[in-house]
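Here's the structure we're looking at; comments come further down.
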Amino acid sequence: MNRTEQGDDPDPATPDSGGSTERGGNVPDHEGPRRAGRLRGWFARRDPAWMIGALSLLLSALFVLVNLSYNEWHFIPPLDDSYIHLQYAEQFAEGHFLRYNTGDPVSTGASSLLYMLVLGGLYTLGFQGAALLPAAMGLGALCMALTAVCVYRIGHALVDRRVGIWAGLLVATNGVLLWGSVSGMEIGLVALLVSGTVLSYTVEAPRGRFVRTPIIASLAALSRPEAFLFVLVLGVAMAWTTLRGARASGSSRAGSLARLAPLLLPLVAYLGQVLLYVITTGHTSANGMRAKSLLYEPIFYPMGFLDEALKQFHLLLRTFNGLNSFDFVFPGTLLLAVAGTIALLVRKTRWTPLVWALAIGYLLVLLAISTLHAATIHHLRYHQPFLPILLLLAVIGIHGASRLLRDRRNRRFVLHAGLVTALLFTVAEMPSWAIRLGQQSAGIRGQQVSFTAFLERELPPNAVLAVNDVGAPAYLGSHRIVDLVGLTTNRFTSANNHGAGSIYEVLRDMPAERRPDYFAVFTEWKVHDLDHGGVFAAEPLATFHSKSPTFSYRTVGSAGACQASKLCDEVVIHEADWSSLGSGDRPVESEAPGRIRDHVNVADLRSEQRHDYDVLPAHREFQPYTDLRTVNSPDGEVVDSGRHVIGGEALTARNLTPGEPVTVTARYARNEESPDPTKMSVFANGRKLRDRTLLPGGNGWHEATFTVPGELVTDSTLRVEFRPRAGYLGPYPDYMSYGYWFSQ
């Protein structure tokens, strides 16, 4: 890589071009210039990689010191999610692979399988208990320092030493990367594997054969799903380069296939992980993906999905261009990265496969992350491992722009002015990230860590605790944990996507000894709707505040309720009240005539699936979320879950006797303010019956019955549909549906 390629004019005044950096060095009256020249020569002769890495480590250490200063010199991460990794790692090291609580089914709440295994190794080496978190922070800092070194070497290989140095410095001093490196998350490890794969490519590509690169890429594929997409595209570039080299050397077809075989290793590694998930959990993706993806809404609308994903994507484009108030990168970074990509394609044709892979791979990463509800959560933590590649391309873009000038003096001025400006922006933003790290870790200490300590003191040892931030209570506490979000408790993953009513139904289905005795939840999070359903005892046992006015994470968009509107500033501890459990299983306003043959429990996902239940929405992109309601009756409180419906419903009753009339009892509550009744069309096995009238609301619900003639009951099943009378035009029925009973 020392030879100059076509279009790259050497600058004799720079060390990279082989020209002298000392002027007037033989004149004894100019000691100052002579010493400056010797100093430049000293730096030119030495590899700056260790200095870049050392700078990154030093800055990471300073970030940790700021963090410690906010927490009375205790190690606290800025995210509760960091404790999730620690808990899975400890369980793995103790022989409970992917079991968050000992004795639980296998779950996939850790966002990085490889990172969990690495932390488990550290635990085995003796970093246990309170020592595992600082070990994770140190590992992240080391990985980010090595990432900066890798970026330097990639820049040196692709363009020249100067580009590599500047790119390495921008990575080493980037505040958000320093935040991520000591967050306790997998960010540093993934960044190292991504950049390491690219660096290995640049080393092995001249030989036309890849041995180490597929191995590193396979590790990256196990570190994050987005990293798999990136290295998958890089694998195509490796195949391109391999075949091109085989043709040039005249290799046989068998020889070419032998060279291509190792390139399948990343794909094999990722498919192996998918197979593991399928065998252990029945799902191809991890719980975190299913809990956060736009693909797993109650109803999937292709156009709505595309709209939300594009909104996230456009937001990310503005962010990485520095076109908003969030200081992730210096202004124009993304545009400069595009310019750098073009410059490499035009001036460095030998790297064409790699350049296309970097561009397409990064684009796929942006698009993939844009499909998550949490695309911008925690300072874009899913994007952070790929930010070093973007910064490298941006530096190459500045270098390429300077090459458009003919005059060497102007060229050098534009190059260094652009790079110095970028570095100044980066360094100026860095202190705020250190402060943010300290503030957010103090918030975790004031809530999750504090209420965990409280629960350890106040709760019985065998108590079961339900939470919606699952990390600290499990790792720092000793109680069995139920994760209401579903990251570590499998059945709640889908229920959480549907709402509090579905979460309640999973809770009531749990064995009594595993059902939560206490809840620790954010006051404004949707699970607090369980309070409206009488699941919580009347008064909270304790309330924990973040105690930090800036605890709510600064993000670039609506990255979840907590981050967008400070809804996670308060956590309450409630004792559970299961005295009304199952009270809504039968009609309460009137007895269903005859014998109840079937019950469609709306909001219970298993019951809905058994009965082919569907909401027939009148509006596209409407989501029929669930909630919980308590109604007072002569026999006491009645608790039932329901689903919001705008439009109609369809369901199938089972276990019926053919030829006998069926009485259908429906429980519902109107949502509209209108005092006028709403009528709906009723169909049984495709035949229209009389209209159904929905009475106006009140504080509770209504129960109404209608009869399906026996001649329509042709077998043991009956398909019933409820549709708006107008169909095309509003107003549409707007109500909560709680359930249906079929009796004969």
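full-length UniProt numbering puts the first residue of the sequence shown at 1, with every later residue one more than the last.
Ideal Cβ positions, reconstructed from N, Cα and C, are used throughout, including at glycine.
The structure presented is a predicted model; accordingly, all values stated were derived computationally and were not measured.
query                                                                                                                        : result
Own chain residues within Cβ distance below 6 Å of Ser548, not counting five before or after                                 : A caution first: Ser548 carries a pLDDT of 47, below 50, which makes its placement in the model too unreliable to give a value.
Beta-carbon proximity of Leu260 to Leu372, cut-off 8 Å                                                                       : no
Counted within 10 angstroms of its Cβ, other Cβ atoms place Gly560 as buried (16 or more) or exposed                         : With a pLDDT of 37 at Gly560, under the threshold of 50, the predicted position of this residue should be treated as unreliable, though the coordinate-derived value follows. That one is buried.
Those residues which DSSP pairs with Asp734 across a bridge                                                                  : Ile646
Within 8 Å, strictly: CB atoms of Tyr100 and Ser107                                                                          : yes
Cβ neighbours of Ala239 in the same chain (closer than 7 Å, five flanking residues each side left out)                       : Leu260 and Leu263
Residues of its chain near residue 747, where Cβ-Cβ distance is below 7 Å and the 5 sequence neighbours each way are ignored : Residue 747 lies beyond the range of the chain shown here (1 to 744); nothing can be said about it.
Backbone CA spacing between Arg597 and Thr488 [nearest angstrom]                                                             : 36 Å
Residues sharing a beta bridge with Leu372, DSSP                                                                             : Ser293
Assigned exposure category for Lys688 - 16 Cβ within 10 Å defines buried                                                     : exposed
Proximity of Thr197 and Leu234 at Cβ, strictly below 8 Å                                                                     : yes
Cβ-Cβ distance between His383 and Ile369 below 8 Å                                                                           : yes
Neighbour-count burial assignment, Trp50, 16 or more Cβ in a 10 Å radius                                                     : exposed
Nonlocal neighbours in the same chain, by C-beta distance under 7 Å from Thr626, ignoring five residues either side          : His498, Gly499, Ala500, Gly501, Ser502, Ala603, Ser641, Gly642 and Arg643
Buried versus exposed, by CB contacts within 10 Å (16 or more), Arg409                                                       : exposed
Check whether Thr341 and Leu390 have beta carbons under 8 Å apart                                                            : no
Exposure of Ala726, with buried meaning 16 or more beta-carbon neighbours within 10 Å                                        : exposed
Stretch pair the segment 569-580 + the segment 477-494: three plus CB contacts closer than 8 Å                               : no
At least 3 beta-carbon pairs within less than 8 Å: the segment 130-150 vs the segment 302-314                                : no
Residues sharing a beta bridge with Ser681, DSSP                                                                             : Arg723
Outcome for Thr376 when other beta-carbon atoms lying within 10 angstroms are tallied against a minimum of 16                : buried
Alpha-carbon to alpha-carbon, Phe230 and Leu358                                                                              : 8 Å
Proximity to Ser478 [Cα-Cα], best of Phe492, Pro461 and Asn490                                                               : Pro461
Sub-8 Å separation of Arg445 and Gly180 beta-carbons                                                                         : no
Reduced DSSP secondary structure (H/G/I, E/B, other) of Asp614                                                               : strand
Boundaries (first-last residue) of the beta strand (DSSP E) holding Arg597                                                   : Ile596 to Val600
Validate contact between the segment 611-626 and the segment 297-309 using beta carbons, cut 8 Å, 3 pairs                    : yes
Three CB pairs or more closer than 8 Å across the segment 160-173 and the segment 198-208                                    : no
DSSP-derived helix/strand/coil call for Trp701                                                                               : coil
Sequence-distant residues of the same chain with beta carbon closer than 6 Å to Ala205, five excluded per side               : Thr241
Boundaries of the alpha helix (DSSP H) in which residue 756 is found, first to last residue                                  : Outside the modelled stretch of the chain, which goes from 1 to 744, sits residue 756, for which no answer is possible.
Cβ-based burial, Trp351 [other Cβ within 10 Å; buried from 16]                                                               : buried
For Tyr732, the nearest candidate out of Met680, Glu703 and His702 (CA to CA)                                                : Met680
Contact check, Asp676 vs Val682, beta carbons under 8 Å                                                                      : no
Contact set for Ile216: own chain, Cβ-Cβ below 7 Å, skip 5 residues either direction                                         : Leu193, Gly196, Thr197 and Ser200
Nearest-angstrom Cβ-Cβ length linking Gly188 and Leu139, presumed shorter than 8 Å                                           : 7 Å
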